[in-house]
Amino acid sequence: MEVQIQDLVTSIRKEGVDAANAEAETILANAKKKADEIVSKAKAEAEAEKETAEKEIAVLKESARVSADQAKRDAVLAFRTEVEKEYEKLLKRDIQKELSDQALGKLIRAALQGEDPAAYQAEVSEVSEGLKNELADEIQKGLTICPTKGVKAGFRLASKDGSGYFDCTDEEIAEMMMPYFRNLEI
1344 MEVQIQDLVT SIRKEGVDAA NAEAETILAN AKKKADEIVS KAKAEAEAEK
1394 ETAEKEIAVL KESARVSADQ AKRDAVLAFR TEVEKEYEKL LKRDIQKELS
1444 DQALGKLIRA ALQGEDPAAY QAEVSEVSEG LKNELADEIQ KGLTICPTKG
1494 VKAGFRLASK DGSGYFDCTD EEIAEMMMPY FRNLEI
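Following this note's numbering, the numbering of the sequence shown begins with 1344 at its first residue and continues without gaps.
Okay, structure coming up:
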């Protein structure tokens, strides 16, 4: 009987160990499966974060490139604007130098061609003797010449009835000529 009890105890032990081993294998398999899922999920999240970071980097690079291009354009435009301003100043200075009494007289006579001088008033920066001498015939026919603060160089020929005027001041001449300078490639 003792042998039977011994066999029974051994059998119970063996069944218990086998059951424990089976349960341990099941627990280990479940743990390994869960660990694989966690690792896989972590890899997917890391890949998604990497893709998001790469997209953000690409956006930042493009933004930096666009900003650099815009800054370059702004600098070129600012430089061009300054050059145009300098051209305009030089052009106005040259016009002022070239518009002597004789040149003014010729321009005013050309503007009056075919018109009655008595109907007009020539506005100039300064009425000099040279200009009066140059326009003596027109003055005798009724042309009025008067100094005007708004005219630095050149002249403005205004109708005495106020119906209009012909502006040939340095500023207007420079304004007419500046488009030719603005189209220069820098």
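Every residue, glycine too, gets a C-beta built ideally from N, C-alpha and C.
For residue 1499, the pairing in a beta bridge is given by DSSP as 1466 and 1510. Residue 1487 carries a strand assignment under DSSP once its states are collapsed to helix, strand and coil. For residue 1480 and residue 1456, the gap between their C-alpha atoms comes out near 13 Å. Restricting attention to 1521, 1476 and 1458, the CA atom closest to the CA of residue 1501 is found in 1458. Under the DSSP assignment, residue 1444 falls in the alpha helix (DSSP H) whose first and last residues are 1444-1455.
Taking 7 Å as the cut-off, the Cβ atoms of residue 1471 and residue 1513 do not count as close. Here residue 1442 is not near residue 1517, since their CB atoms are 7 Å or more apart.
No residue range can be given for residue 1478, since it is assigned to no alpha helix (DSSP H) and is classified by DSSP as neither H nor E.
Taking each of 1492, 1491, 1487 and 1515 in turn and checking the Cα distance to residue 1504, the smallest one comes out for 1487. Judged by beta-carbon spacing, residue 1447 lies within the 7 Å limit of residue 1498, meaning their Cβ atoms are closer than that value.
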